[in-house]
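Numbering (my numbering), first residue to last: 66 to 234.
This is the structure we're talking about:
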């Protein structure tokens, strides 16, 4: 079922709504929670029960409070080995408070020479990071699990990239 919201933004489903709203809400549990509530309002023609809003808020709180669980497979050991060989800079997108909290809870913060929490990962973002750290892009490698936000923009900015699919980490 397709609807038109104010400003002519159409919504079709929860997944489509979340994509459309990502430009405003950005990423992470807070944006996802807002998207769930807005989708419930859309799908119910404004008559969403308070219990549904409460469930959405509870789900958002659960995501925010979910403990950080390092992925199995020696990721920390790999980061330590890489940090011994060169400078590591963490580039992540999302809510500033949430990302800072996750990094602190992980205990991995000291392995990074810098942390950049950005609103989106684009070629321009990577170019700014390379410039900020005085790094030649051609001597840099972005390792990430997203072709769209990790690999392609880093390459476009002149760097190298390694795709590490989530299922392999």
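Glycine included, every Cβ here is placed at the ideal spot set by N, Cα and C. It should be emphasised that the depicted structure is a prediction, and the values quoted were computed from it without experimental measurement.
C-alpha distance - residue i paired with residue j, whole-angstrom precision
i: residue 204; j: residue 127; result: 40 Å
i: residue 228; j: residue 114; result: 43 Å
i: residue 170; j: residue 132; result: 8 Å
i: residue 76; j: residue 107; result: At residue 76, the pLDDT of 43 sits below 50, so the modelled position is not reliable; the number obtained from the coordinates is stated separately. Roughly 8 Å between the two C-alpha positions.
i: residue 198; j: residue 142; result: 24 Å
i: residue 159; j: residue 181; result: 10 Å
i: residue 150; j: residue 194; result: 20 Å
i: residue 124; j: residue 167; result: 18 Å
i: residue 161; j: residue 117; result: 27 Å
i: residue 153; j: residue 119; result: 41 Å
i: residue 163; j: residue 175; result: 18 Å
i: residue 226; j: residue 179; result: 18 Å
i: residue 144; j: residue 196; result: 23 Å
i: residue 202; j: residue 165; result: 25 Å
Closest residue to residue i among the options (Cα-Cα distance)
i: residue 129; options: 93, 100 and 152; result: 93
i: residue 147; options: 231, 230 and 208; result: 208
i: residue 215; options: 200, 199 and 183; result: 183
i: residue 172; options: 185, 160 and 140; result: 140
i: residue 224; options: 151, 152, 191 and 174; result: 191
i: residue 6; options: 210, 230, 200 and 231; result: Because the chain is modelled from 66 through 234, residue 6 falls outside the range shown and cannot be assessed.
i: residue 217; options: 145, 188 and 95; result: 188
i: residue 186; options: 112, 219 and 144; result: 219
N- and C-terminal bounds of the alpha helix (DSSP H) containing residue i
i: residue 102; result: 94–108
i: residue 155; result: No alpha helix (DSSP H) holds residue 155; the beta strand (DSSP E) holding it covers 154–158.
i: residue 112; result: From DSSP, residue 112 is part of no alpha helix (DSSP H); its letter is neither H nor E.
i: residue 221; result: 217–221
i: residue 203; result: Neither: residue 203 is in no alpha helix (DSSP H) and is coded neither H nor E.
i: residue 134; result: Here residue 134 belongs to no alpha helix (DSSP H), and DSSP marks it neither H nor E.
With 16 other Cβ atoms within 10 Å as the buried cut-off, status of residue i
i: residue 135; result: exposed
i: residue 110; result: exposed
i: residue 105; result: buried
i: residue 122; result: exposed
i: residue 100; result: buried
i: residue 212; result: exposed
i: residue 97; result: buried
i: residue 103; result: buried
i: residue 156; result: buried
i: residue 230; result: exposed
i: residue 137; result: exposed
Unbroken beta strand (DSSP E) run spanning residue i, endpoints
i: residue 182; result: 179–183
i: residue 228; result: 225–228
i: residue 206; result: 206–209
Opposing strand residues paired with residue i [DSSP bridges]
i: residue 290; result: Residue 290 cannot be examined here, being either before or after the span of the chain that is shown, 66 to 234.
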